[in-house]
Amino acid sequence: PAAAEPVAEASAFNGAPDDTVDTTGTSLDTANEPGGTLADGQQQFSVKALNTADQSGAAKSISVWIDTTAPQASVSSPPVGGLTNVAAPVITASASDAHSGVTASTVTVLVNGSHASVQFDSATGTITSSGAAGWREGPNSIELRVKDAVGNAQAPLIQSVTVDTSPPEGTIEINGGASVTTSIHVAL
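Using the numbering used here, you'd call the opening residue of the sequence shown number 3 and step up by one each time.
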C-alpha cells in the first residue's frame with residue numbers, strides 16, 4: 003500500500019485558520035515562573051508559535067537587558083574638603099555601570115546648585131567638568147548625580163571645597179620697627 007500523505011488541518015476557533023497568531027495580548031510574568039525573577043545582565047527569550055494542528059514555525063528570539071543596579075561613581079578631584087587657589091577648579095570623577103551603561107546625558111554636576119558643563123569619556127568612564135559656572139571665593143558645594151541608561155541612580159555625591167585665590171596680607175615688624183639693633187636676637 004502507498005504511504006499516506008500527511009494532512010494538516012490548520013483550524014482553530016470557529017473553524018478559522020490560525021496560521022497567523024496575534025500575540026499582542028500575550029505576556030509572561032517571570033516572577034511567577036520557576037526560578038523567579040531574572041538576574042541582571044542579558045537574558046535571551048525564544049518564542050515558538052504552535053497552531054491547533056500541532057505545527058510550529060521557527061522560533062523567534064529576542065535579547066533583553068535586565069538592569070536593577072545603580073551605577074557606581076566617585077569624585078577624584080578636587081579632594082573632599084580640599085583647598086584650592088584656582089578660581090574655577092576642574093572637577094574630575096569616574097562612573098561605571100555593568101549593564102545599561104552611563105552616558106554624558108545621564109551625568110549631572112552642580113557647583114553651588116548651578117549646572118556645570120560635563121564631558122564624559124565612555125571608554126574610560128571619566129567625567130570632567132570645567133568652567134566658572136557657580137564657583138565663588140570661599141566654601142563651595144559640589145554635587146555629582148549619575149544615572150544609568152534605564153534610570154537607576156546612585157545617591158548624589160556631595161562634597162565641599164574651598165576656593166582661596168587671595169594672597170595673604172599683613173605686615174612684619176622687627177624689633178618694634180627699629181632699623182638697627184645691637185642684639186643677636188630679633189623679635190618678630
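We put the CB at the ideal spot given by N, CA and C, even for glycine.
Spatially closest choice to residue i from the options, by CA coordinates
| i | options | result |
| --- | --- | --- |
| Q258 | A151, G115, Q121 and G43 | Beyond the ends of the chain as shown, which are 3 and 190, falls residue 258; an answer cannot be given. |
| P169 | A157, V152, E139 and K149 | E139 |
| W137 | S58, S107 and A90 | A90 |
| S78 | V163, S58, T108 and T173 | V163 |
Cβ neighbour criterion (16 or more within 10 Å) applied to residue i
| i | result |
| --- | --- |
| V216 | Residue 216 falls outside the range modelled here, since the chain spans only 3 to 190, and no answer is possible. |
| A14 | Reliability fails at A14, whose pLDDT of 41 lies under 50, so the model's placement of it is uncertain and the value that follows must be treated cautiously. A14 comes out exposed. |
| D56 | exposed |
| V66 | exposed |
| T108 | buried |
| I186 | exposed |
| D69 | buried |
| V82 | exposed |
| G17 | With a pLDDT of 43 at G17, under the threshold of 50, the modelled position of this residue cannot be trusted; read the value that follows with caution. Counting Cβ neighbours within 10 Å, G17 comes out exposed, since fewer than 16 surround it. |
Segment limits, beta strand (DSSP E) that includes residue i
| i | result |
| --- | --- |
| E171 | Note, E171: premise wrong, no beta strand (DSSP E); not H, not E. |
| P141 | G140 to V148 |
- Count the C-beta pairs between the region 137–147 and the region 47–63 that are closer than 8 Å, then say yes if the count reaches three, no if not. no
- Message: Check whether the region 124–132 and the region 149–156 touch, using three or more Cβ-Cβ pairs below 8 Å as the test.
- Response: no
- Item | Sufficient close CB pairs (3 or more, under 8 Å) joining the region 71–80 to the region 95–108 | yes
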